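I have placed the structure first, in the form of structure tokens, so that the comments after it can refer back to it.
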Amino acid sequence: MKQITISTEFVTLGQFLKLANLIQTGGEAKFYLQEHKVKINGEFDNRRGRKLYNEMIVEVENQTFKIVNE
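So, in structure tokens, the structure goes:
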């Protein structure tokens, strides 16, 4: 499981995709989420504005990530 460290209270799913190096720019998030299934804490979600908080688990492209606050 890879950890994504954030310095704010939350990040959006779109921001997360960029932090996880799954997309290059924020503008790609919409199209990426149309093509890929993302699970957040075990439930599918494709809203790029979905807020991700400390300790949340994100699964995408056979990878698992954990959100961790600094």
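Just so we're aligned, residue 45 is where the sequence shown starts under the working numbering, counting upward by one. Quick reminder that beta carbons are idealized off the backbone N, C-alpha and C, glycines included. Values in this document were obtained by computation on a predicted structure and should not be read as measured data.
In whole angstroms, what separates the C-alpha of residue i from that of residue j?
| i | j | result |
| --- | --- | --- |
| Ile50 | Leu63 | 9 Å |
| Arg91 | Leu57 | 7 Å |
| Val104 | Thr52 | 22 Å |
| Asp89 | Glu114 | 25 Å |
When the Cα of residue i is compared with those of the options, which residue comes out closest?
| i | options | result |
| --- | --- | --- |
| Leu96 | Lys83, Glu72 and Lys74 | Lys83 |
| Val61 | Glu114, Glu72 and Phe54 | With the sequence shown as reference, residue 61 is identified as Leu, and Val is not the correct amino acid for it. The option with the nearest alpha carbon to Leu61 is Glu72. |
| Tyr76 | Ile101, Ile111 and Asn65 | Asn65 |
Kindly identify the DSSP beta-bridge partner or partners of residue i.
| i | result |
| --- | --- |
| Tyr76 | Tyr76 pairs with nothing; no bridge assigned. |
| Glu103 | Lys83 and Thr108 |
| Ile48 | Ile111 |
If you measure between the beta carbons of residue i and residue j, is that distance less than 8 Å?
| i | j | result |
| --- | --- | --- |
| Lys110 | Gln68 | no |
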